[in-house]
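Following: one structure in structure tokens, then a few remarks.
2 protein chains.
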Amino acid sequence: MKKRTLRVTIKDIAAASGLSIASISRFLNGLPVRADTAARIEAALAHLDYSPNAAALYMKGRATGIVGLILPEISHPFFSLIAEGAIEEARKNDQLLLLSSTEGSRENERIAVDQFARSMLDGLVYIPVSNPADLPALESFKDLPLVVAGRVGVFPGVPHVYSDGDKGGYLAAKYLIGLGRRNIGFFGSFWEAPCTTSELPEALLTPNSGSYSTIHRFKGYLRALREEGIPYDPARVVICGYGYTNGAEAARELLGRAVPVDGLLAMTSIVAGGGMEVFRGQGRSVPEDISIIVFDDSEIMNMAVPRLTSVQLHLRRMGVEAVRSLNRLIAGEEVGDTMLDVSLKLGGSTRSRT
Amino acid sequence: MKKRTLRVTIKDIAAASGLSIASISRFLNGLPVRADTAARIEAALAHLDYSPNAAALYMKGRATGIVGLILPEISHPFFSLIAEGAIEEARKNDQLLLLSSTEGSRENERIAVDQFARSMLDGLVYIPVSNPADLPALESFKDLPLVVAGRVGVFPGVPHVYSDGDKGGYLAAKYLIGLGRRNIGFFGSFWEAPCTTSELPEALLTPNSGSYSTIHRFKGYLRALREEGIPYDPARVVICGYGYTNGAEAARELLGRAVPVDGLLAMTSIVAGGGMEVFRGQGRSVPEDISIIVFDDSEIMNMAVPRLTSVQLHLRRMGVEAVRSLNRLIAGEEVGDTMLDVSLKLGGSTRSRT
DNA sequence: CCATGAACTGTAAACGTTTACAGAAGCTTC
DNA sequence: GAAGCTTCTGTAAACGTTTACAGTTCATGG
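If you're matching them up, the sequences are chains A and B in order.
Each residue of the first sequence is one higher than the last, beginning at 657 in my numbering.
Each residue of the second sequence is one higher than the last, beginning at 657 in my numbering.
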């Protein structure tokens, strides 16, 4: 099929310098060689532009310097920021990142896990599609060193790197309540989620559902309500996807329920953007009538008018930490979970109730 | 360092089935074997869960199914959409994508090219940082099958996949002029660009500068002006980076020049977003006072209020086409450039001059 | 039943590297 | 100058596959 171009190998250097390949190997790996030997090898190297064959190294059990990253959608800022952090950290360690974007499909995810398991990876960072069903079995990762990012408790014994969703939900709800708002909506986001239900509390009980950010943020939201003595009303909860139109649909659904709403937590800026368009269209102003807080990190928050108040997730950091954890795992260390702190960043989408 | 877990090899199957490794290999590759041989191998396979070792395959000169992608910033929607298309097409061919995001730095780019050249790639899609200086030499790719995306004419003899920037700039300017706007600004974007110059026409002359989208869009813009008999005024051109704050700075710069402006071409939604905030802050409304057209494809256009009119670039498609070209190249075919068509998508950011 | 050939299987070399082991220098020390 | 040691170098096996080649089996025809 492909005629690979012949590259310089250790043998060529051996031939050029009149030494054995073993000596070349030793020299290249920093083992002691005589001064004149070193000089001959260096002379040969000078005009031969050798680079080691990664496959051969791997066959001898060496690390390839390639780590995998599986995520649901690379074009969503949430994930692309994590990817950016991961790539940055990988580069620092002279590693490369093998990426698969599964477009929110479990099937693609399974394909990716399979492809990765048979590739020459040193390890894998896995961000599962946020659908609490049908997770791939841990066995399918074939003992690849594994770290889960952005989710909690997906696989027992595997390190997870995630942000403090509970605190985020709590901070956000608490802040809105502090602004005098008591009718706070919640747009939860899952992949492949129906857009017309408010079944989140039941979802809390299904296996694995606790893995996803939405659930933890929702718990924090509930906690804040409880703390403030505000009754929880499922009619203010809408489950929707991650996109702009999902946000718009969710807003229509919420308004259609004819329940008072003066505050809203949305999982991403894009969902909030879709919601805001609908709110505006129906004469509800942001932040006056409805104050909105999103969970986001990206520049896109600024695109909204007004700028969105947000729970900062430090997503780039999450990518960095995930690769760090992975590398500690690869090095054979014990690695536990890493929970990243969150903080509130004020924008124009929240204001005191007048 | 790392104790790689021992996986099932062809030898294990041979042992389990009492055959030689050669027979196993032939069976796995679909070469003819006797029926009873096949049965024995299948029996062994049934409870052995074998997967081929990619490194060993590569050593035998087979393709690894890994293609590289180097791009300036994965968290920018422009590039993440291309990446998404590339990943999608790669998956279709049972390939994986090795990604490097260079954060707009030539140095990181050089590191990535180096890493990739020594990795087991079948080929590479390269989106250079849009700085017309200091491109890595073609030699540094070490005969890796190479496709350039998003740029034009970077390396002679290498296939390029890009969108029709000239047509985009032309369409956009023409449309604004059709709306009765004659004082049309242009925010060009380069990495590492100064934000206070209007040196684009000179830049047109420097080597390699023709590679970048901005230049071609600018040419289209000039062409439209000329066609309509509108004199070109460099005071309406600002060169800036790709970010939100870059757009804001560019807008401040433009307004500071005290030259009339009633239309604007911005290279990305995010730049336009930054610009719009400044315009609004200075009492200029969009689309009434200033109509804006951006070059974009992503959902972010919707986040802006009003929604941005855009030149659709079909970026996902670009990623797909880049990988397709690459695979044709890997298969040994002659591959030429691919120019993708663009089209105008109307939003609320453009309106007739009243 | 033997020769012939077709159809398959096994042996071994090869890909590019590392590394255990044995062998060859060189340096001390007497 | 020989013995003993240290220090380096070369040989060869190994990693998991593919594949040329030789060897085996089996059916076929005489």
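We treat Cβ as the ideally placed atom computed from N, Cα and C, and that holds for glycine.
What in chain B is Cβ-close to residue i, meaning under 9 Å?
i, result
"A/A710", "A711, Y714, R774, S775 and M776"
"A/E909", "In chain order: nothing, as chain B lies at least about 19 Å away."
"A/G1003", "What A/G1003 touches in chain B: nothing, since even the nearest Cβ is about 12 Å away."
"A/L755", "L725, I730, A739, I743, L752, L753, L754 and L755"
Do you know offhand how far residue i's Cα is from residue j's?
i, j, result
"A/A672", "B/Q771", "25 Å"
"B/A849", "A/A711", "In this prediction, B/A849 scores a pLDDT of 46, lower than 50, which makes its location untrustworthy; no coordinate-derived value is stated."
"A/G930", "B/E955", "10 Å"
"B/L881", "B/R873", "12 Å"
"A/A700", "A/K667", "11 Å"
"B/R696", "B/L713", "24 Å"
"A/R718", "A/F935", "57 Å"
"B/A678", "A/Y900", "55 Å"
"A/G903", "A/M957", "15 Å"
"B/T758", "B/A773", "16 Å"
"A/C851", "A/S845", "Per-residue confidence for A/C851 stands at a pLDDT of 40, beneath the threshold of 50, marking its modelled position as unreliable; the derived number appears in the next sentence. Cα-Cα distance, rounded: 9 Å."
"A/L1002", "B/G937", "19 Å"
"A/A960", "B/M959", "5 Å"
"A/R837", "A/L921", "12 Å"
"B/P792", "A/R663", "20 Å"
"A/N685", "A/G988", "22 Å"
"A/D997", "A/A691", "54 Å"
"B/L704", "B/E698", "10 Å"
"A/A906", "A/K875", "20 Å"
"B/G674", "B/T693", "10 Å"
"B/I680", "B/S819", "48 Å"
"A/R940", "A/K830", "22 Å"
Do residue i and residue j have their C-beta atoms within less than 8 Å of each other?
i, j, result
"A/L802", "A/V723", "no"
"B/T1006", "B/L832", "yes"
"B/T870", "B/M932", "no"
"B/I730", "A/A739", "yes"
"A/L755", "A/L725", "yes"
"A/V942", "A/P916", "no"
"B/G975", "B/E745", "yes"
"A/Y877", "A/H732", "no"
"B/N764", "A/R747", "yes"
"B/G912", "B/I946", "no"
"B/L964", "B/F951", "no"
"A/V927", "A/L910", "no"
"B/R766", "B/V785", "no"
"B/D953", "B/L727", "no"
"B/I948", "B/R892", "no"
"A/V991", "A/P815", "yes"
"A/E977", "A/V808", "no"
"A/G813", "A/L800", "no"
"B/R973", "B/G741", "yes"
"B/F735", "B/I669", "no"
"B/V967", "B/G824", "yes"
"A/S707", "A/L835", "no"
Whose C-alpha, out of the options, is nearest the C-alpha of residue i?
i, options, result
"A/R984", "A/R913, A/V781, A/L675 and A/K823", "A/V781"
"B/A805", "B/M715, B/A700, B/G821 and B/G841", "B/G821"
"B/F811", "B/F797, B/K823 and B/R774", "B/F797"
"A/S925", "A/F843, A/G779 and A/A914", "A/F843"
"A/N749", "A/L1002, A/D997 and A/L982", "A/L982"
"B/Y826", "B/S999, B/T1010 and B/R1009", "B/S999"
"B/N787", "B/C896, B/F683, B/G721 and B/P890", "B/C896"
"B/I986", "B/E698, B/V967, B/E905 and B/G721", "B/G721"
"A/A789", "A/Y868, A/A914, A/P890 and A/P887", "A/Y868"
Check the Cβ of residue i against every Cβ in chain B and list those closer than 7 Å, keeping chain order.
i, result
"A/N764", "R747"
"A/I956", "I956 and M959"
"A/G880", "Rather than Gly, the amino acid found at residue 880 of chain A in this sequence is Ala. By Cβ distance, chain B contributes nothing, its closest Cβ being about 27 Å from A/A880, past 7 Å."
Taking residue i as the query, report the chain A residues whose CB atoms sit under 7 Å from its CB, ordered along the chain.
i, result
"B/Y900", "E955 and N958"
"B/Q938", "Near B/Q938 there are no residues of chain A at all, since even the closest Cβ is about 15 Å away, more than 7 Å."
"B/I726", "Residues of chain A passing the Cβ test: none, with the nearest at roughly 10 Å."
Show which residues of chain A have a CB atom less than 8 Å away from the CB atom of residue i.
i, result
"B/S966", "Here the premise fails: no neighbours, minimum Cβ distance about 13 Å."
Quick one: list the residues of chain A neighbouring residue i, beta-carbon separation under 9 Å, in chain order.
i, result
"B/I767", "R747 and D750"
Residue ranges of each alpha helix (DSSP H) within the segment 665-732 of chain A, 4 or longer: Qualifying alpha helix (DSSP H) stretches, in chain order: 666-673, 677-684, 691-702 and 710-715.
Every unbroken alpha helix (DSSP H) within the segment 871-958 of chain B, with a cutoff of 4 residues, ordered by chain: Listed in chain order, the complete alpha helix (DSSP H) runs (minimum 4 residues) inside the segment 871-958 of chain B are 900-912 and 925-937.
Every unbroken alpha helix (DSSP H) inside the segment 964-996 of chain B [4 residues or more]: With a minimum length of 4 residues, the continuous alpha helix (DSSP H) runs that stay inside the segment 964-996 of chain B are 971-986.
Continuous beta strand (DSSP E) assignments of at least 3 residues falling wholly in the segment 760-798 of chain B: Under the rule that a run must span 3 or more residues, the beta strand (DSSP E) segments found entirely inside the segment 760-798 of chain B read 779-782.
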